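Structure, as structure tokens:
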Amino acid sequence: DASKWVGKCEACQNFVGRPKLADLPLKPVVIDEPFQQWGLDFIGTLNPPSSAGHTHMLTATYYFTKWVEAIPVKSTTSEV
Numbered sequence: 206d207a208s209k210w211v212g213k214c215e216a217c218q219n220f221v222g223r224p225k226l227a228d229l230p231l232k233p234v235v236i237d238e239p240f241q242q243w244g245l246d247f248i249g250t251l252n253p254p255s256s257a258g259h260t261h262m263l264t265a266t267y268y269f270t271k272w273v274e275a276i277p278v279k280s281t282t283s284e285v
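Everything in the sequence shown is counted per this note's numbering, starting at 206 for the first residue and increasing by one.
What follows is the structure, given as structure tokens:
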């Protein structure tokens, strides 16, 4: 019986009773002219790290053209 199996499944029980978050309305990013806005974000921790020891990626998105650059980095702190 499927309901008995789901009742014994630990991973399934982790999701029981979690409230559904309300959907938020999308807000479009309107760019009127070049170089008006960029988006920056870190991706990681990369596992395994690169052979050079990079554990994260710094991504930059140019919203005017949707161009994306990704730069491997060894740390996400401001210390060099």
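Glycine included, each C-beta is placed from N, C-alpha and C at the ideal position. This one's a predicted model, so the numbers in the text were calculated from it and none came from an experiment.
Candidates the options, of which the one nearest residue i by Cα
i           : options               : result
residue 237 : 273, 269 and 280      : 269
residue 245 : 216, 254, 234 and 264 : 264
residue 267 : 275, 253 and 255      : 275
residue 286 : 280, 207, 206 and 209 : Past the boundaries of the shown model lies residue 286; the chain is included only from 206 to 285, so the question cannot be answered.
Distance, residue j Cα to residue i Cα
i           : j           : result
residue 214 : residue 225 : 21 Å
residue 254 : residue 260 : 5 Å
residue 256 : residue 271 : 29 Å
residue 212 : residue 218 : 7 Å
residue 283 : residue 252 : 22 Å
Host beta strand (DSSP E) of residue i (start-end)
i           : result
residue 249 : 243–249
residue 278 : 272–278
DSSP beta-bridge partners of residue i
i           : result
residue 265 : 245 and 274
Range covered by the alpha helix (DSSP H) that runs through residue i
i           : result
residue 207 : 207–213
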